[in-house]
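Trainee: Take this structure first; my questions come after.
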Amino acid sequence: MSFKIAGLITACLFAAMPTKADIGAISFKTSAAGMNALETTIGSNQMTLETWLYTDNSTGFFASNMHNDKGFALGFDGWFKFQLDGASIWIDPTSWKENWTHIACVADGSQMIVYVNGEVAGTQENTTGYNTEADGNPLFLGTAPWGNPCNCKMADFRLWSVARTAEEIKNNYQKQIEPSTTGLIKNFNFAEGNGDHTANLAEPEGNQAWCMGAIDTDYSWETVAQIPTNLRTENQTENSFDILWDGTDGNTWSVELSANGQVVDTKTRLTEKKASFSNLDKKDYTVRVKAHSFMETAFSDAFSVNLSTSSAITNIHKNISIVRHNNAIQIDGIQTGKLISIYTDQGILSRQISAEHETTVLSIEGFPHGIYFISIEGYGPTFKIAL
Numbered sequence: 001m002s003f004k005i006a007g008l009i010t011a012c013l014f015a016a017m018p019t020k021a022d023i024g025a026i027s028f029k030t031s032a033a034g035m036n037a038l039e040t041t042i043g044s045n046q047m048t049l050e051t052w053l054y055t056d057n058s059t060g061f062f063a064s065n066m067h068n069d070k071g072f073a074l075g076f077d078g079w080f081k082f083q084l085d086g087a088s089i090w091i092d093p094t095s096w097k098e099n100w101t102h103i104a105c106v107a108d109g110s111q112m113i114v115y116v117n118g119e120v121a122g123t124q125e126n127t128t129g130y131n132t133e134a135d136g137n138p139l140f141l142g143t144a145p146w147g148n149p150c151n152c153k154m155a156d157f158r159l160w161s162v163a164r165t166a167e168e169i170k171n172n173y174q175k176q177i178e179p180s181t182t183g184l185i186k187n188f189n190f191a192e193g194n195g196d197h198t199a200n201l202a203e204p205e206g207n208q209a210w211c212m213g214a215i216d217t218d219y220s221w222e223t224v225a226q227i228p229t230n231l232r233t234e235n236q237t238e239n240s241f242d243i244l245w246d247g248t249d250g251n252t253w254s255v256e257l258s259a260n261g262q263v264v265d266t267k268t269r270l271t272e273k274k275a276s277f278s279n280l281d282k283k284d285y286t287v288r289v290k291a292h293s294f295m296e297t298a299f300s301d302a303f304s305v306n307l308s309t310s311s312a313i314t315n316i317h318k319n320i321s322i323v324r325h326n327n328a329i330q331i332d333g334i335q336t337g338k339l340i341s342i343y344t345d346q347g348i349l350s351r352q353i354s355a356e357h358e359t360t361v362l363s364i365e366g367f368p369h370g371i372y373f374i375s376i377e378g379y380g381p382t383f384k385i386a387l
């Protein structure tokens, strides 16, 4: 079996990935697939290995550093198996195969524990824990050092040099972990989306995990959940607005609305990339959105919505919406190509453009305060706005 060693050590020095990252996955599709995460040292008889996994009826191993019968191996042979040197736990996976499932395997020096989706699924007493004689050997994902690969999908792999508690596992298995958390040795979130390696978020300048086989043929990347981007408002009035965003189809979303540093409203389990807020005070607000799949992303960057300076506009045509927010005027409901002109109260033309879309946004940054008039070709009277 061939695999990529990182060549020179300097080949492993990549720029640190941001803490706030999308949630990705890797699919091991053929017997040639797998990843070599290179030399791995736990340095303790305590360890925790956890990952999200999707498999059907595949056999084979999906994580192992075993060498000369020392170390760990996780895989399937009808049942799920967590092997630590000569000790093993076997779990019937029938109820969770063909679903994304979180598996956590813990050794605390006296017992082995397997958690499935945050709940204890099996234990083995009177074990001595992880054998550090296995330290320094390569860690393989999607296969074992001797082969026997598992065709499966994997997301958010974590390896620890501590025995994580039941509470720690249950409270964090659906969230992205802070890479600097004590005891975290390796954390692969597979968010690159292309290429032949994934970064170790716990040590960005250390060893990465390198893919074996050919991209798209033997392995492929997937985006499970994207941190929402391109936040924008629609239908904004003096006391209401809709917030829209871009994200991964099939996710659900949570939206948080804040004012003066305090959360004033939340919306959860949204199935559309849109949330509506109404009956609001005239304040400056910020909006953040996060996505949910089997895991949740971090919140998006905060998006500002300024209702405190929204101006009433008189003489609104029944088919037209004109709203001022921040440093722009948004006009909805006019035909593409219609000429839009802004005049001062003294009749001086300040800006003129042609509508390119049904929604047109005009920047008013730098405009002096005062009364302005908006004239729209083919729509009768002018509209007055206070800036």
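The opening position of the sequence shown corresponds to residue 1 in the working numbering, with each subsequent residue numbered one higher.
Every residue gets a Cβ at the ideal spot worked out from N, C-alpha and C, and that includes glycine.
#1: What residue range does the beta strand (DSSP E) around K274 cover?
#2: Beta-carbon separation of W245 and M154 under 9 Å?
#3: Between G34 and L139, what straight-line distance do the alpha-carbon atoms span, to the nearest angstrom?
#4: Sort E377, I385, A37, K29 by Cα distance to G206 and report the nearest one.
#5: Along the chain, which unbroken stretches of the beta strand (DSSP E) at least 3 residues long are found entirely within the region 158-182?
#6: Are the beta-carbon atoms belonging to G333 and E358 less than 9 Å from one another?
#7: Taking the continuous beta strand (DSSP E) assigned at T212, which residues delimit it?
#8: Hey, is the region 224-235 in contact with the region 286-304, meaning 3+ C-beta pairs nearer than 8 Å?
#9: Going by DSSP, what residue range makes up the beta strand (DSSP E) through D242?
#10: For T132 and W221, I'd like the C-alpha separation in whole angstroms.
#11: For A21 and A191, what's the separation of their Cα atoms in angstroms?
#12: What residue range does the beta strand (DSSP E) around N230 cover?
#13: Between the beta-carbon of I177 and the beta-carbon of D196, is there less than 9 Å?
#14: Under 8 Å by Cβ, that's how I've got P93 and F80 pegged, so tell me the actual separation to the nearest angstrom.
#15: Going by C-alpha to C-alpha distance, which of T271, W160, A144 sits closest to N187?
#16: Please tell me whether Y343 and S350 are closer than 9 Å, where the distance is taken between their beta carbons.
#17: Within 10 angstroms of the Cβ of D156, are there 16 or more other Cβ atoms? Answer buried if so, exposed if not.
#18: Going by alpha carbons, who is nearest to N151 out of A209, P204, G213, T165?
#19: So N200 packs on L307, CB below 8 Å; how close in whole Å?
#20: With distances taken from CA atoms, which of S254, S31, S304 is nearest G261?
#21: Quick check on this structure: which residue in S276, Y130, T237 has the alpha carbon closest to the alpha carbon of K282?
#22: Can you round the beta-carbon distance between T128 and G109 to whole angstroms, since I take them to be within the 8 Å contact cut?
#23: Going by Cα to Cα distance, which pick from V114, N279, N251 is closest to T268?
#24: Which residue wins for smallest C-alpha separation from N171, given the options G118, G122, A144, N189?
#25: I need the DSSP call for T132, collapsed to helix, strand or coil.
#26: Cutting at 7 Å between CB atoms, please list the residues of its own chain near G43, excluding the five before and the five after it.
#27: Going by beta carbon distance, what residues of the same chain come within less than 8 Å of L270, once the five residues before and after it are set aside?
#28: If you draw a straight line from the C-alpha of H67 to the C-alpha of E296, how long is it?
#29: With DSSP as the reference, identify every bridge partner of E39, one or two as the case may be.
#30: Using the Cα positions of T336 and I376, report the straight-line distance between them to the nearest angstrom.
#31: Considering only the alpha carbon of each residue, which of E125, A32, S27, K97 lies closest to D56?
#32: Counting only the same chain and skipping the five closest in sequence on each side, list residues whose C-beta sits under 8 Å from that of G78.
#33: Between I371, Y130, V114, which lies nearest to N45 when the distance is taken from Cα to Cα?
#34: What residues are listed by DSSP as bridge partners for E358?
#35: Could you tell me if D328 is buried or exposed, where buried requires 16 or more neighbouring beta carbons within 10 angstroms of its beta carbon?
Mentor: Per the coordinate set shown:
#1: 274-277
#2: no
#3: 11 Å
#4: A37
#5: none
#6: yes
#7: First, the residue type needs correcting, since residue 212 is Met and not Thr in the sequence shown. It spans 209-212 - the beta strand (DSSP E) in which M212 sits, taken as one unbroken run.
#8: yes
#9: 241-246
#10: 32 Å
#11: 7 Å
#12: 229-234
#13: no
#14: 5 Å
#15: W160
#16: yes
#17: buried
#18: G213
#19: That belief does not hold up - the Cβ atoms of N200 and L307 are roughly 44 Å apart, past 8 Å.
#20: S304
#21: T237
#22: 7 Å
#23: N251
#24: G118
#25: helix
#26: T132, D135, S161
#27: T252, W253, S254, V255
#28: 36 Å
#29: P138
#30: 11 Å
#31: K97
#32: T59
#33: Y130
#34: Paired residues: none, contrary to the question.
#35: The sequence as given places Ala at residue 328; Asp does not occur at that position. Flag for A328 reads exposed.
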